[in-house]
Amino acid sequence: MTQIINPATLNVIAEPRETPIEAIEAIVARAQRAQRTWVRLPQSHRIDALRRVAVAVRSNLEDLALLETANVGKPIGDSRGEVGMVADTFDYYAGAVDKYYGNTIPVDGGLDFTVREPIGVVAVIAPWNFPLAIASWNIAPALACGNAVIVKPAEMTPLSILKFEEIIREVDLPDGLFQVVTGRGSVVGQALTEHPGVGKISFTGSTETGQTVMRTAAGTMKRLTLELGGKSASVVFADADLALAAQASTGAVFGNSGQDCCARSRVLVERSAYDDFVALFSEATGRLVVGDPMNEGTSMGPLVSAAHLAKVGSFLDGSLNILSPAANQEAPGHWMAPHIVLDPPRDHRVVREEIFGPIVAILPFDTEEDAIALANDTIFGLSGSVWTRDIGRSLRVARGMETGSISVNSSTSVRIQAPFGGFKQSGMGRELGMAAMDGYTETKNIFISTAI
Ligand code: NAD
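With my numbering as the guide, the letters of the sequence shown map in order to residues 998 to 1449.
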């Protein structure tokens, strides 16, 4: 039994059982049988089933959102938005089923073409910061491509995924096509990663655990999608709309209380605009409301756990020049108000490591080259923003930044229709868009001789 705790109230809200390790064998075998049925069904059946998942999610949107907020501590409006995105993701991949195909290849002596085959059984190992949304980015394309799926949510946040499993029982999926296992990553997650009947792992989590998963998966040569940590930067030039950049950059780091792989925890500002930008950023931060995530007006809930709060707090040492313009919430939850660190040394932990909490470092730069070099001075490469009115510069900087996605004059990172994933140690493979379909299929080449 794991105690699931509401991080805003510290009440125990559930005590789910850990899936016994001995059960994994039967779970994988069931998934394999279901997959063989699923892939032989007419594609219209698969399309219809995925659309019905979307409908079931929409009709249970409020229940799922309330669970996500109670479990993770995220503001209720954000939870509603995420559950809505889950439904939209299933609709998108329902539409993708009959729009994804291979190539014909010019060769001598016959017809050569490729078809895309499902991998088989896919295990989705999910993180705690966007539990259902990120799982859905993998479940939907995996099913669309004809695979079976086993999901392992993070230990602390299984509730929305367990509820999702319950509500999609009304959709007529083959028995065992979609299963959820719960428990510790090092036990249950590891067992899935080792199992020869699992063909692919879609892992979202820290870079360190991603490395462990990659090593273990090598034993059976599993296919992998790894969505890992980040240390993204917003680069703000003096010619930008500074008020808009400051407002958006506040949301880009303090959204989800900073527990976001795409969090722009570094803001790099052209030196001539540094003081003006800091004033605007501080003003926008001061308007954030830290408090009860069930209240509509709340912008930031608590951090997910006491251990995580302590880890995030460890970044703030006495050597730093820190502003904290928003009021914190009273105990008992794991509250942390936003913190702005002004011009820290470039080798400080706050500049170099993923924080995953409401702390931002604002650093000045002098030239375009300096900005690009500073943005790229990290082992990560997930996301980022460029703020400028100069279109040529926006393109030069966007192309120069070593990162999987970048927004110009915007702080968004994720769109269902567009590929999402990391450069460098932020991961490999792409989620979302049609690119995700490549990650859930093998390419088969067929040659038909015309010689006889
Ligand atoms: P984590 O690495 O601690 O855990 C992620 C998942 O892996 C959990 O389900 C956990 O139970 C499981 N796990 C742990 N050990 C395992 C093992 N040995 N074998 C198999 N599975 C194992 O990460 P977290 O703390 O849940 O999430 C936070 C991290 O996730 C941050 O670093 C964040 O940047 C990253 N993240 C990345 C993305 C992205 O899309 N790039 C999105 C969200 C979060």
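Built from N, CA and C at the ideal position, the CB exists for glycine as well.
In this model, I1356 and E1079 are separated by some 23 Å (Cα to Cα).
At a cut-off of 4 residues, the continuous stretches assigned as alpha helix (DSSP H) that sit fully inside the region 1335 to 1397 are 1346 to 1349, 1365 to 1373 and 1388 to 1397. The secondary-structure analysis by DSSP pairs K1149 across a beta bridge with I1122.
A1005 sits in coil when the DSSP states are folded into three classes, being neither helix nor strand. Beyond the five residues adjoining it in sequence on each side, V1309 comes within less than 8 Å, by CB distance, of G1255, L1300, M1333, I1352, F1353, G1354, P1355 and I1356 in the same chain, given in chain order.
The three-state reading of DSSP puts R1427 in coil, since its state is none of H, G, I, E or B. Setting aside the 5 residues that flank it on each side, A1051 is surrounded in the same chain by A1084, F1087 and D1088, each with a C-beta closer than 6 Å to its C-beta; the list follows chain order. In this structure, the ligand NAD has no non-hydrogen atom nearer than 7 Å to the beta-carbon of F1110. Taking a cut-off of 8 Å for Cβ pairs, the region 1333 to 1346 and the region 1006 to 1018 do not touch, as fewer than three such pairs fall below it.
Boundaries cannot be given for E1327, as no alpha helix (DSSP H) includes it and DSSP labels it neither H nor E. Taking C-beta separations shorter than 8 Å and ignoring five residues to either side along the sequence, the partners of A1093 in its chain run P1138, A1141, M1431 and M1434, following chain order.
Between D1045 and S1446, the alpha-carbon positions lie close to 37 Å from each other.
Distances taken from the Cβ of T1222 to the heavy atoms of the ligand NAD include none shorter than 7 Å. Distances from the alpha-carbon of T1438 to those of N1008, S1199 and T1006 put S1199 closest. The region 1149 to 1159 makes no contact with the region 1217 to 1229: fewer than 3 CB pairs, one atom from each, lie closer than 8 Å. Distance between D1060 and E1162, taken at the CA atoms: about 13 Å.
Annotation for A1062: I1073, S1076, R1077, E1079 and V1080 place their beta carbon closer than 8 Å to its own, counting only its chain and skipping 5 residues before and after. Considering only L1156, I1413 and A1372, the residue with the shortest C-alpha distance to A1395 is A1372. The C-alpha of A1120 is placed about 7 Å away from the C-alpha of L1189. G1194 and V1118 do touch by the CB rule: their CB atoms are close to 6 Å apart, below 8 Å. The count of Cβ pairs closer than 8 Å, one atom from the region 1279 to 1288 and one from the region 1319 to 1331, reaches three, so the stretches are in contact. When DSSP states are grouped into helix, strand and coil, A1260 belongs to the coil group.
Excluding the 5 residues flanking it on each side, S1402 has same chain C-beta neighbours closer than 7 Å at S1380, S1410 and F1417, in chain order. Counting along the chain, the unbroken alpha helix (DSSP H) around P1138 starts and ends at P1128 to A1141. When DSSP states are grouped into helix, strand and coil, E1114 belongs to the strand group. Boundaries of the alpha helix (DSSP H) harbouring R1048: Q1040 to S1056, taken from the DSSP string.
For Y1090, the number of other beta carbons within 10 angstroms of its own is at least 16, and it is reported as buried. Its Cα nearest to that of T1247, the residue V1275 stands out among V1275, H1192, K1421 and S1311.
In the three-state reduction of the DSSP assignment, N1318 falls in the coil class, being assigned neither a helical nor a strand state. A distance below 7 Å between beta-carbons, with the five flanking residues on each side excluded, links V1168 to the following residues of its chain, in chain order: A1046, R1049, V1050 and A1053. The secondary-structure analysis by DSSP pairs Q1176 across a beta bridge with I1147. Contact between L1277 and A1249 fails: their C-beta atoms lie close to 14 Å from each other, not under 8 Å. Taking C-beta atoms as the reference points, Q1244 and I1024 fail to come closer than 8 Å.
The Cβ atoms of A1026 and L1174 lie no closer than 8 Å to each other.
The residue among T1154, F1127, A1368 and G1207 with its C-alpha nearest the C-alpha of V1232 is A1368.
Shortest Cα-Cα distance from T1385 to any of L1007, P1128 and A1270 involves A1270.
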